[in-house]
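Asker:
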Amino acid sequence: MALHFLIEDAGPAGAGQVVRLTGAEAHHAAVVRRVRVGETVTVGDGRGVWLTGTVQAASPKEVAVDIESRTDMPVASPRTVLVQALAKGDRDELAVQAATELGVDAIVPWQAARSVSRWEGGKVAKGVARWESIAREAAKQAHRPWLADLEQPVTTRDLAARAGAGRMLVLEPTASVALSRVAIDSDDTSDVILVVGPEGGISPEELDALQAAGATLVRLGDTVLRTSTAGPAALAVVNAALGRW
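Structure (structure tokens):
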């Protein structure tokens with residue numbers, strides 16, 4: 001499979017034109033991935049544009065790609081959304097990476113009551129930027145035509161307000177309903193929102209608030225997964241239900 005690269009201004013490009021990778025993306029292509037003249041690669045803008053072409057020049061500062069074909073990929077419908085609670089260490093980042101590789105359409109950081117990690121003040125912008133970078137690199141690795149949208153952090157009150165606008169499924173090991181038993185209609189265009197708590201789980205007060213707002217509590221199985229694996233595992237179940245896998 002051809003190597004894939006991302007440049008935000010690739011949108012207008014088409015067959016017969018030359019697209020140039022510069023900056024960090026050129027260095028990554030020429031030095032890290034070692035692309036060579038004559039090699040076939042793909043280039044996207046992360047918003048559905050998919051270009052296939054041949055490398056005509058490669059250096060650490062610029063890689064020129066002669067475009068041979070263009071495809072415009074439609075955005076997924078319904079969207080899958082991962083609400084990931086902030087977690088200690090890199091567990092939330094591992095969830096973002098894996099979920100992006102599995103095709104999640106949007107990611108929402110959640111400052112849950114039991115989140116050990118706290119994004120406050122200047123940490124908010126840094127945290128969002130870090131997750132965006134992880135999602136971008138994961139999308140390139142997975143050859144995704146659309147990047148996952150990284151939203152601003154939310155509170156439990158924000159989540160409750162959102163529960164009525166989509167199909168919100170809250171992962172809770174003690175829930176009586178298995179996620180695999182939930183009917184997920186691919187013709188329903190409203191978001192499928194998966195909510196994952198932090199290491200200590202979602203507090204009873206938060207569970208009550210989300211349920212009262214219309215969310216459904218679901219479990220993945222008889223075991224308790226880490227916050228880093230629960231979201232990707234749930235996403236795999238939803239992908240199968242939507243016929244994407």
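Under my numbering, the final residue of the sequence shown carries the number 245; numbering is consecutive throughout. Each residue gets a CB set at the ideal place from its N, CA and C atoms; glycine is no exception. Just so you know, these numbers come straight off a predicted model, no measurement behind them.
So, is the C-beta of residue 187 closer than 8 Å to a C-beta in chain B?
Answerer: The structure shown has no chain B; it contains just one protein chain.
Asker: Going by DSSP, name the residue or residues bridged to residue 100.
Answerer: The partner list for residue 100 (beta bridge, DSSP) is empty, contrary to what the question assumes.
Asker: Thinking residue 59 and residue 24 are a contact (beta carbons under 8 Å), I'd like their distance in whole angstroms, please.
Answerer: Not really, about 14 Å apart at Cβ, beyond 8 Å.
Asker: Closer than 8 Å is the cut-off here; do at least three beta carbon pairs connect the stretch 227-238 with the stretch 76-85?
Answerer: yes
Asker: Closest by CA to residue 48, which one among 64, 33, 71, 38?
Answerer: 71
Asker: Determine the burial state of residue 118: buried for a count of at least 16 other Cβ atoms within 10 Å of its Cβ, exposed for fewer.
Answerer: Within 10 angstroms of the beta-carbon of residue 118 lie fewer than 16 other beta-carbons, which makes it exposed.
Asker: For residue 66, which residues from the same chain have a beta carbon less than 7 Å from its beta carbon, with the 5 sequence-adjacent residues on both sides left out?
Answerer: 18, 53, 54, 56
Asker: Does DSSP classify residue 47 as helix, strand or coil?
Answerer: strand
Asker: Using beta-carbon positions only, say whether residue 51 and residue 13 come within less than 8 Å of one another.
Answerer: yes
Asker: Give me the residue from 177, 93, 160 with the minimum Cα distance to residue 130.
Answerer: 93
Asker: Ends of the alpha helix (DSSP H) at residue 171?
Answerer: Premise fails: residue 171 lies in the beta strand (DSSP E), 167-171, not in any alpha helix (DSSP H).
Asker: Using the Cα positions of residue 209 and residue 164, report the straight-line distance between them to the nearest angstrom.
Answerer: 12 Å
Asker: Roughly how far, in whole angstroms, is the beta-carbon of residue 103 from the beta-carbon of residue 239, given that I think they are within contact range, below 8 Å?
Answerer: 6 Å
Asker: Please give me, in chain order, every unbroken run of the alpha helix (DSSP H) with length at least 4 that falls completely inside the stretch 127-169.
Answerer: 156-163
Asker: Is the beta carbon of residue 97 less than 8 Å from the beta carbon of residue 134?
Answerer: Going by C-beta atoms, residue 97 is nearer than 8 Å to residue 134.
Asker: So residue 237 is in the alpha helix (DSSP H); what residue range does that whole segment cover?
Answerer: 227-241
Asker: Mapping the DSSP letters down to three states, classify residue 84 as helix, strand or coil.
Answerer: strand
Asker: Relative to the C-alpha of residue 113, which residue among 68, 154, 20, 123 is closest?
Answerer: The shortest Cα separation from residue 113 among 68, 154, 20, 123 belongs to 154.
Asker: Grab the span of the alpha helix (DSSP H) containing residue 206 for me, first residue to last.
Answerer: Residue 206 -> alpha helix (DSSP H) spans 204-212.
Asker: Please report how far the alpha carbon of residue 8 lies from the alpha carbon of residue 192, in whole angstroms.
Answerer: 27 Å
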